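Just so you know, the sequences run in chain order A and B. With our numbering as the guide, the letters of the first sequence map in order to residues 172 to 398. With our numbering as the guide, the letters of the second sequence map in order to residues 64 to 394. C-beta: ideal position from N, C-alpha, C; glycine also. None of the values given here were measured: they were computed from a predicted structure. Written below as structure tokens is the structure these notes are about.
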Amino acid sequence: MENRPSRCSMEIIRELKRGAESIIYEGYFAGIHAVFKKRISKSYRDKELDHKINSYRTKLEARLIYLALKNDINVPAILMVDPYEYLIVMEYIEGKPVKDIIGKQDIDLKRIGEKIGEIAGKLHKAGVSHGDFTTNNLIFSELESDIFIIDFGLAKRSNDVEDFATDIHVFLRSLESIHYNFKDEIVKGFEIGYSKFMNFNEVMKKVREIRMRGRYVEERRVKRSNI
Amino acid sequence: MIVLGIESTAHTFGAGIVTDSPTIRILSNERDIFIPKQGGMKPSDLGRHHSDVAPEIIKKALDKAQVSIDEIDAIAVSLGPGIGPALRVGATVARALALKFNKKIVPVNHGIAHIEIGRLMTTSYDPLILYLSGGNTIITTFVDGKYRVFGETLDVALGNLLDTFVREVGLAPPYVINGVHQIDICADKGGKFVDLPYIVKGQDMSYSGLLTAALRATKKYKLEDVCYSLREVAFDMLLEATERALALTGKREILVVGGVAASLSLKTKLYDLAKDWNVEVKIVPPEYAGDNGAMIAYAGLLEAKYGVFIPIEKSFVKPRWRIDQVDVVWR
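Below you can see the structure in the form of structure tokens.
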């Protein structure tokens, strides 16, 4: 047995980021520059609920990243999955979050928007909704001059226009809350990219409907309430 | 400057008086809360209750502050968001006082008032804010002139979810006993986790399905276990969205305002979260957590110093006035 090819060598170099639900480490997996995504047990959460959420999300995330990869979407390749340790090991994407480059670097916002739109369009066409489609989860790779989508932690299989619209709603929300000055230009590009794969207007109709559901939305009641 | 604040967006009719000379002080904070004997709040009953108690509450606020109406420089009134018939009482009272005693009216957004009194009471500098009440569940922070919404409930509010549940299963009213909500009293007797829908969409939460599922679960499981699971799922959804907002904004403080801020179990969970993130949690004191007039007076004072007034003929109530529509000129 001692000659059995053991589990590949794992070496963690440093903590990259503490996300909302996981810690991301940089390291090497069998010699490949890799990212280790380790979901954290929350001290505030009920143990059973915590295990349920973490193992379910680990397995689902790995499956959906692979599904995206098969559909020609820029995602990191999966190297290993351990649902008991809540661990996914994947290829390291060299780059910066789109969140950090908007407005700071001299970039073609419309082009960026188009690439993001393509990613969203391809994902939705493949029947995947991302669930947390924010500028924090889109990585700009200077090397390939392309954008990658990461963190499928809240993704699910779906062909429901409601879920697609939720992705776009969340994306627009992330633009409005921090990049509001650049939103229009990015959205213009997004429409072009998304329309290559999906019916943009149909999904946007649903986005507007979702926004109307929010509490205290002025437009929901056109009638002036009264005095 | 001395400002009288009037609050009547929902179940509370409140009046408070705040001054800024020599330093900012709350001189009085009087209120009367409408609690229906059974069922939820009927808007018409709210209106009736508020108009019944309004004169007495305002008089009490003036007496306690030991100021006469002549010494008041401006009247701040909460014009929204809230329930129309309730809002209208506050607005009408404010207009009447403004006309009779020749005062200016300051329009105050109820949510902004919750946030500002929270910042004042906890001396928060630039926090991520959780505004949690019967009518609102909002994660917000100040960016470039406005309180921008990072996440919110897509349907019912957290407070409404918990209140409706305990009422429907027969635990309430009363909703709160010695400062502890019925959901906590019930949940602390349970502890077995029952599967309930956990719905976070990005940074937004959806609670209406959770309410329906929890009510249905009471037919199959022990009520105490459902209470426990409902509370855990509802708060954990909020905390997950909060962590996302922390990751996105990098804020070092969390400020909790609104009626649900008084919840002990939420506080415990937040302190755990804060340890993980190495951030500080600040919770508005109970007296200023629920709806009150002092917070309206204080927000009104901040606005009045920057000349934010509204002519009487334009002082409409705005039942759907979002916090991100308000220009925060005083920050």
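Cβ pair residue i, residue j closer than 8 Å
i, j, result
"Ala276/B", "Leu301/B", "no"
"Leu224/B", "Tyr261/B", "no"
"Lys381/B", "Pro106/B", "no"
"Val169/B", "Ala304/B", "no"
"Leu191/B", "Thr312/B", "yes"
"Met369/A", "His295/A", "yes"
"Ala308/B", "Phe205/B", "no"
"Gly274/A", "His350/A", "yes"
"Val52/B", "Asn172/B", "Residue 52/B falls outside the range modelled here, since chain B spans only 64 to 394, and no answer is possible."
"Ser141/B", "Thr216/B", "no"
"Tyr351/B", "Val344/B", "no"
"Tyr263/A", "Thr229/A", "no"
"Ile69/B", "Gly356/B", "yes"
"Phe323/A", "Glu232/A", "yes"
"Asp136/B", "Ile65/B", "yes"
"Val341/A", "Lys314/B", "no"
"Arg328/A", "Gly298/A", "yes"
Under 8 Å from the C-beta of residue i: neighbouring residues of chain B
i, result
"Thr229/A", "Residues of chain B passing the Cβ test: none, with the nearest at roughly 16 Å."
"Ser348/A", "Val206, Arg211, Val212, Phe213 and Leu311"
"Arg185/A", "The contacting residues do not exist; Arg185/A stays about 18 Å from chain B at best."
"Asp303/A", "Gly265 and Arg307"
Cα-Cα separation between residue i and residue j, rounded to whole angstroms
i, j, result
"Gly208/B", "Leu109/B", "34 Å"
"Ala402/A", "Pro118/B", "The structure shown does not extend to residue 402/A, since chain A is modelled only from 172 through 398, so no value can be given for it."
"Ala326/A", "Thr337/A", "11 Å"
"Val347/B", "Pro254/A", "40 Å"
"Phe361/A", "Gln245/B", "48 Å"
"Ile178/B", "Val320/B", "6 Å"
"Ile121/B", "Pro349/B", "21 Å"
"Arg282/A", "Ile318/A", "10 Å"
"Val246/A", "Asp303/A", "15 Å"
"Lys209/A", "Glu306/B", "16 Å"
"Ile310/A", "Glu265/A", "8 Å"
"Arg392/A", "Glu182/A", "Caution is warranted here: a pLDDT of 49 is assigned to Arg392/A, below 50, making its placement in the model unreliable, and the coordinate value is therefore given only provisionally. Between Arg392/A and Glu182/A, the C-alpha separation is close to 58 Å."
"Leu364/B", "Lys267/A", "44 Å"
"Gly190/A", "Arg379/A", "29 Å"
"Ala280/B", "Lys167/B", "53 Å"
"Ser348/A", "Tyr210/B", "10 Å"
"Asp339/B", "Pro374/B", "49 Å"
"Arg395/A", "Arg383/B", "Since pLDDT at Arg395/A reaches only 41, below the 50 mark, its modelled position is unreliable, and no value is offered."
"Ala139/B", "Val130/B", "16 Å"
"Glu356/A", "Lys332/B", "40 Å"
"Ala124/B", "Ile80/B", "7 Å"
"Asp299/B", "Lys377/A", "28 Å"
Burial state of residue i (16 or more Cβ within 10 Å)
i, result
"Asp267/B", "buried"
"Ser212/A", "exposed"
"Thr186/B", "exposed"
"Leu327/B", "exposed"
"Ala248/A", "exposed"
"Ser84/B", "exposed"
"Lys377/B", "exposed"
"Arg175/A", "Bear in mind that a pLDDT of 46 at Arg175/A, under 50, signals an unreliable position, so the model cannot answer this."
"Met383/A", "exposed"
"Ser180/A", "exposed"
"Ile89/B", "buried"
"His204/A", "exposed"
"Asp133/B", "exposed"
"Tyr227/A", "exposed"
"Ile98/B", "exposed"
"Ala362/B", "buried"
"Thr86/B", "exposed"
"Asn341/B", "exposed"
Residue i: contacting residues in chain A (beta-carbon distance under 8 Å)
i, result
"Glu295/B", "Arg216, Asp217 and Leu220"
"Asp299/B", "Lys213, Tyr215, Arg216, Asp217 and Leu220"
Chain A contact residues for residue i, given Cβ-Cβ distances below 9 Å
i, result
"Gly321/B", "Those do not exist, as Gly321/B stays about 13 Å from chain A at its closest Cβ, beyond 9 Å."
"Phe256/B", "Asp217, Lys218, Glu219, Leu220 and Lys223"
Contacts that residue i makes with chain B (C-beta to C-beta distance below 9 Å)
i, result
"Asn307/A", "Arg307, Ala310 and Leu311"
"Gly190/A", "Glu306, Arg307 and Ala310"
"Val341/A", "Lys264, Gly265, Gln266 and Asp267"
"Arg422/A", "This structure leaves residue 422/A out entirely; chain A is present only between 172 and 398."
"Leu325/A", "Val263, Lys264 and Gly265"
"Arg384/A", "Leu217 and Asp218"
Amino acids of chain A, ordered along the chain, whose beta-carbon sits closer than 7 Å to that of residue i
i, result
"Lys332/B", "Tyr215"
"Asp335/B", "Ser214 and Tyr215"
"Leu302/B", "Tyr215"
"Asp339/B", "Ser214"
Nearest-angstrom Cβ-Cβ length linking residue i and residue j, presumed shorter than 8 Å
i, j, result
"Leu318/B", "Ala297/B", "The Cβ separation is near 20 Å, so there is no contact."
"Leu187/A", "Tyr199/A", "Incorrect: roughly 13 Å between the Cβ atoms, too far for contact."
"Phe353/A", "Leu280/A", "6 Å"
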